[in-house]
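Here is the structure we will look at.
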Amino acid sequence: MTAGSFFTEFTFWKGIFYGCAAIYVVFTAIAVMIEPLLTLPCSYVGEELTFPNVLYVHDPCRTDTRYWRLMGLTPVEASFGRHIVMAVILGSAIGYERKSADRPAGIRTMQLVALAASLFTVNSTFVFMVGPMHWDPARVSAALPSGVGFLGAALICKDVEKDSLTGEVQQIVRGLNTAASVWLSAAVGVACGGGLYFVAAFTTALMLTLLRFGPRSMERTDSFLGTQLPIAVPDRQPVNEETKLTNRRSSLASQKSVRMKPSMNFH
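Using my numbering, you'd call the opening residue of the sequence shown number 594 and step up by one each time.
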């Protein structure tokens, strides 16, 4: 696999930019995932909040102390990173199943949907916790299903096909399962953003099982498995140049000639 597989036009500075981003993501993801296993010493007391929020437990060791073993993050920031990383991992699993079925929405689409849903949930849940005002985190999460709907709508298409054996015209709807997968990827991202890892992981495993081993409709829908039928084509005689010229002369002779009068002018 070369650089041309990832870039339409690869340059040195593009390689430096994306290489640094990839290295930062890898090391930070490792740090946030192992943070619960580390014993981080802390003797910092911190300052009292002027306007404390009764729903927000202010722990200076988790919110104000940064550790080099966590890539300079606080434990709270590491927990946010875990929410996002878990959403991307589970979204990748959903996308891999759709890609293996040769569907339009693949790994990257599901990753981005789950990532965005997780980020929206983290923002709506924790961004206003340090203020004196109580914030309802369900408002943003409730808008995600309708917001992701436009992605699913773009994957659903209706087609008309004619059966080659019976000649019957059939109405075919494709993309329903893939659209539902995009919608569910957003729900998995919301669960990861809220820290409900078991719910997100179990939902992902259940979804993969249903998509792969669930009952399939006999109609040609999104889950239809095509069957190859042998078609016999009779041998045809090769057409030489003389035959082509003869057919062309016959077609020209059969056409009516059109003559234009001298007085007819077209502008």
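We put the CB at the ideal spot given by N, CA and C, even for glycine.
Quiz item: Measuring CB to CB, does R691 end up less than 8 Å from S774?
Solution: Contact flag set, yes.
Quiz item: Can you give the Cα-Cα distance for A707 and F713, rounded to whole angstroms?
Solution: Here the alpha carbon of A707 sits roughly 10 Å from the alpha carbon of F713.
Quiz item: What residues in its chain sit with their C-beta under 6 Å from that of C785, if we drop five residues either side in the sequence?
Solution: Around C785: H676, M679, A680, S711, A793.
Quiz item: Which same chain residues, not among the five before or five after R659, have their C-beta less than 8 Å away from its C-beta?
Solution: Taken in chain order, the residues that qualify are G665, L666, T667.
Practice problem: Look up K751 in the DSSP assignment and give the residues it is bridged to. | Solution: According to DSSP, K751 bridges with V766.
Self-check item: Environment of I623 [buried if 16+ CB atoms lie within 10 Å]
Solution: Flag for I623 reads exposed.
Practice problem: State the CB to CB distance for the pair S778 and I682, rounded to an integer number of angstroms; the pair is presumed to be in contact (CB under 8 Å). | Solution: About 12 Å separates the beta carbon of S778 from that of I682, a gap too long to meet the 8 Å contact definition.
Self-check item: Three-state class that DSSP yields for L666 in the structure shown
Solution: DSSP places L666 in the strand class (E or B) of the three-state scheme.
Practice problem: Within its chain, find whatever has a CB closer than 8 Å to the CB of Q578; leave out the 5 residues flanking it on each side and keep chain order. | Solution: The structure shown has nothing for residue 578, since the chain only spans 594 to 860.
Quiz item: Can you give the Cα-Cα distance for D657 and F719, rounded to whole angstroms?
Solution: One alpha carbon belongs to D657, the other to F719, and they sit about 15 Å apart.
Quiz item: Would the beta-carbon of G768 fall within 8 Å of that of L748?
Solution: At the C-beta level, G768 and L748 come within 8 Å of one another.
Practice problem: Out of V762, E754, P697, state which residue places its alpha-carbon closest to the alpha-carbon of L744. | Solution: For L744, the closest alpha carbon among the candidates V762, E754, P697 is that of P697.
Quiz item: For A731, which option in G787, F603, D695, L801 has the closest C-alpha, if you only look at C-alpha atoms?
Solution: Of the candidates G787, F603, D695, L801, the residue whose Cα lies closest to the Cα of A731 is G787.
Quiz item: On the three-state DSSP scale, how would you describe T820?
Solution: Low per-residue confidence applies at T820: pLDDT is 42, beneath 50, and the placement is therefore not dependable enough to give any value.
Quiz item: Relative to the C-alpha of C635, which residue among P808, D652, W606, G742 is closest?
Solution: Nearest Cα to C635 within the set P808, D652, W606, G742: D652.
Quiz prompt | Sequence ranges, alpha helix (DSSP H) only - wholly within the stretch 760 to 804, length at least 4 | solution = List check, alpha helix (DSSP H) in window: 769 to 786.
Practice problem: Would you tell me roughly how many angstroms separate the C-alpha atoms of S693 and G807, rounded to the nearest one? | Solution: Approximately 16 Å between the Cα atoms of the pair.
Quiz item: Between the C-alpha atoms of Y617 and S757, what's the straight-line distance to the nearest angstrom?
Solution: Going by the C-alpha atoms only, they are around 55 Å apart.
Exercise. State yes or no: is the C-beta of V861 within less than 8 Å of the C-beta of S739?
Key: Because the chain is modelled from 594 through 860, residue 861 falls outside the range shown and cannot be assessed.
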